[in-house]
């Protein structure tokens, strides 16, 4: 079991394998970077060599050499009997992040996104499709002048007026009546969550989230200083009994939920559960944010047709949407739907944050949205076929893993018979495939026996990916955890 | 003179004229909105009727009617002898912004950006060109697939690799050696400032800014909870003696400066002054952020060729740049240049904020930047001609206004013989032209005898704009301030 500080250390080290040189040097570089960035402040105690070797699935010799190199550079100090800690050398020019309960970006998440090493692994850890051709072929080549229409200075903190109108139309069709003034265009759902955090959360406030949940939400709320109150997700979505309990006991400032194709579990709330949640929102007068980012990625039993907003009674239900999953994340187009006064407020935060999103992306979004139904069908077909392949390969090659087939979304939430999925994820990375350990998606460091696999890459790559996963799994199992520097990095 | 609370009230009311109906109803609507958004919390005292009439350049009858309408709606309460204040009706569902020294977005700035009324005034208050045709004609029509290159999932929190490289090239050519890893792509300079605020500023920290300065910087730092320490800008840029004093006395966490074509004054720091500032940064060990957003908009004497970063000694100098002014603000492409460890930190904030900027915009930026010199020349020519026209028209029609001709940038910083430029700006708006009152650009509510005029609109519109300004000025002067509901709204 990873304990809290150890889990945090693994996050801080992130994708340490991406550095250059022999293993010990890569590890030392990751430590140096973390110390420079004050992710590991002076005085931080480092794990014993044997323990770190186990955590990272490397030999003890690797850790010994890394620590020696760090001592040589003056980064850490050791004393016989009392261990190794980060030294107190001058940190002039280095500025720690503000203090908070969980100040770090989810290290795994971030490092996978910024990994630009030439030997990038097969990536099953990012929930986004790369297949842009089938999205853009309907309109390409875009004539930029034609696309942008009348000359404009280009600033629109609340969003492109036509796009606001189109997004309002999406909700109107789902029977959640919406005016364009009730829509704020954001740079993806991530910014929507981040602006809600700016608006609602002050340091120390409680925010209820599902566990497991979206890593970017953990990040945004944590950075705003929130105390995260986890409520478990069952096979039919968030546990309503525990949600009601959390509302009563934690007095949260905000609740963040994914009613449809929950990330990562794929769970869907029934119509009845939606009604019950709307009632809880009304009763508690706590604002509920529903993230519908994955709601349109459907390839099985259709989910209830309406978002939580449709069921709203007196309470505040704010809806978050995005074009990142159905269309392309590189557009960075998402939105928030809420009351006009909330939207104005969030718009002021947005103006201070970036003065508005790319008008080019928004203009492209306006061209794409009228093709919505056809894109939805094509994406569903594509993803169903990839999920079928992934399931078949996993059943064949790693029969002891377990999961529940989702009816939509981009992720398979897999239980592996190991209590140390983080170490397995490290092992997988060394075999050339990136997966997300469950603990990265847990506000409570739970789910250490789960990994998330996104079925976003083409079938032929899935085949290679599962081959590598099977090899990594054999190593992980046979070594009873750590392996002995025997496996070469194959990427 | 506007006092602090009155100035804040004017910011809160923003562009109240944009509402519908007779004047009193528009004013009442602006109050209602501000009360709903808790910009005016319960208990806030409103100005006496006569005073508010003076502040807004309307008749007292207008204010009397507006207050009556607010009382009727239960929004405010009045008592003979003790005045009028915001009522304590239930605010369930309304959520105030976190407390802070200046929690409001610069109301004027924001309301001018979101004004979508069909009768929008001629806008001299936004420092951005709308002339996109001459920018995009070099490359249009863009083929989107060709533009985007190899398939990608679209997430790149640190920015498009090629764009990071190109931006590094800009600094290398200006003799500030830079690696791509030392560049973070942001959604405009506004996001660069906002991320620096996230990283450096904790509630209550002092941040040194110029006065006057960029309203968006006031906004971003204030929202992060900064205490703003103003240092005046003279004809040759920020006053170095007062800057040194502020560093010694305020112990700031960050200094924010515009060395070249300072917004709004157009002032340029000499090479010697840059050296001196680099020395102050080194000596104080306070990080200095230089905003070079306007540095390339040059049409007179060329400024020193290098940013502050070129002169850096031991201190931390962070550079901010943008494509919004030379190219187009609708791209939302800007950047930060700093040490790799700072860039990684800011990238983590960026990931939590929005997971990265539009890849479409970034790909277009990569196409545009190689035309840099030609765009720079064309833009300079265009703006010089507009500035010439604006100066000629102002000299002819409003001879008592005074300014210093800038050698670059987008703004004329005009001293008007009135101590109430905010009221004049309201008057101008009623005549159909938007200008920025100096106090909106002042962290210290100073510059109440200044307005900023951006010479960004075509010559024929400048002619109309100055006609309206002259009429507004006559009214403002002849009425000795407030006018008597006589002028019709002409937009």
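Residue numbers (the working numbering), protein chains in the order written: chain X, 1338 to 1828; chain W, 1338 to 1828.
Glycine included, C-beta positions come from ideal geometry on N, C-alpha and C.
Where residue i falls: helix, strand or coil (DSSP)
i                       : result
residue 1722 of chain W : helix
residue 1526 of chain W : helix
residue 1502 of chain W : helix
residue 1442 of chain X : For residue 1442 of chain X, the pLDDT reaches just 37, beneath the cut-off of 50, and the residue's location in the model is therefore unreliable, although a value from the coordinates is still provided. The answer is coil: DSSP assigns residue 1442 of chain X none of H, G, I, E or B.
residue 1365 of chain W : helix
residue 1490 of chain X : coil
residue 1569 of chain W : strand
residue 1353 of chain W : helix
residue 1708 of chain X : helix
residue 1614 of chain W : helix
residue 1759 of chain X : helix
residue 1537 of chain X : helix
residue 1348 of chain W : helix
residue 1668 of chain X : helix
residue 1308 of chain X : Only positions 1338 to 1828 of chain X appear in this structure, which leaves residue 1308 of chain X out of reach.
residue 1789 of chain X : strand
residue 1606 of chain W : coil
Cα-Cα separation, residue i to residue j
i                       : j                       : result
residue 1667 of chain W : residue 1597 of chain W : 23 Å
residue 1364 of chain W : residue 1406 of chain W : 10 Å
residue 1811 of chain W : residue 1788 of chain W : 16 Å
residue 1566 of chain X : residue 1530 of chain X : 16 Å
residue 1344 of chain X : residue 1560 of chain X : 18 Å
residue 1533 of chain X : residue 1401 of chain X : 45 Å
residue 1619 of chain W : residue 1650 of chain W : 6 Å
residue 1514 of chain W : residue 1528 of chain X : 33 Å
residue 1792 of chain W : residue 1776 of chain W : 19 Å
residue 1688 of chain X : residue 1523 of chain W : 14 Å
residue 1535 of chain W : residue 1728 of chain X : 43 Å
residue 1481 of chain W : residue 1697 of chain W : 8 Å
residue 1408 of chain X : residue 1628 of chain X : 46 Å
residue 1427 of chain X : residue 1745 of chain X : Confidence at residue 1427 of chain X is low in this model, with a pLDDT of 34, below 50, so its placement is unreliable and the value that follows should be read with caution. Answer to the nearest angstrom: the Cα atoms are 52 Å apart.
residue 1658 of chain W : residue 1703 of chain X : 29 Å
residue 1701 of chain X : residue 1609 of chain W : 47 Å
residue 1738 of chain W : residue 1797 of chain W : 21 Å
residue 1680 of chain X : residue 1632 of chain W : 34 Å
residue 1557 of chain W : residue 1539 of chain W : 12 Å
residue 1699 of chain W : residue 1663 of chain X : 21 Å
residue 1802 of chain X : residue 1734 of chain X : 11 Å
residue 1517 of chain W : residue 1718 of chain W : 32 Å
residue 1642 of chain W : residue 1785 of chain W : 33 Å
residue 1816 of chain W : residue 1583 of chain W : 41 Å
residue 1714 of chain X : residue 1492 of chain X : 34 Å
Under 9 Å between C-beta atoms of residue i and residue j
i                       : j                       : result
residue 1383 of chain X : residue 1347 of chain X : no
residue 1490 of chain X : residue 1577 of chain W : no
residue 1458 of chain X : residue 1808 of chain X : no
residue 1574 of chain W : residue 1546 of chain W : no
residue 1747 of chain X : residue 1464 of chain X : yes
residue 1783 of chain W : residue 1494 of chain W : no
residue 1510 of chain X : residue 1543 of chain X : no
residue 1373 of chain X : residue 1656 of chain W : no
residue 1799 of chain W : residue 1552 of chain W : no
residue 1520 of chain W : residue 1422 of chain W : no
residue 1592 of chain W : residue 1624 of chain W : yes
For residue i, the first and last residue of its enclosing beta strand (DSSP E)
i                       : result
residue 1626 of chain W : 1625-1628
residue 1414 of chain X : 1413-1416
residue 1495 of chain X : Element bounds for residue 1495 of chain X: n/a, residue is neither H nor E.
Terminal residues of the alpha helix (DSSP H) in which residue i lies
i                       : result
residue 1807 of chain W : 1796-1815
residue 1776 of chain X : That residue, residue 1776 of chain X, is in no alpha helix (DSSP H); it is neither H nor E in DSSP.
residue 1682 of chain W : 1677-1691
residue 1543 of chain W : Per DSSP, residue 1543 of chain W belongs to no alpha helix (DSSP H); it is in the beta strand (DSSP E), 1543-1548.
residue 1748 of chain X : Where residue 1748 of chain X is concerned, there is no enclosing alpha helix (DSSP H), although the beta strand (DSSP E) it sits in stretches over 1748-1752.
residue 1409 of chain W : 1397-1409
residue 1577 of chain W : 1577-1587
For this session: Would you mind listing the alpha helix (DSSP H) stretches within the stretch 1629-1659 of chain X that are 4+ residues and don't spill past its ends, in chain order?
Result: 1645-1648
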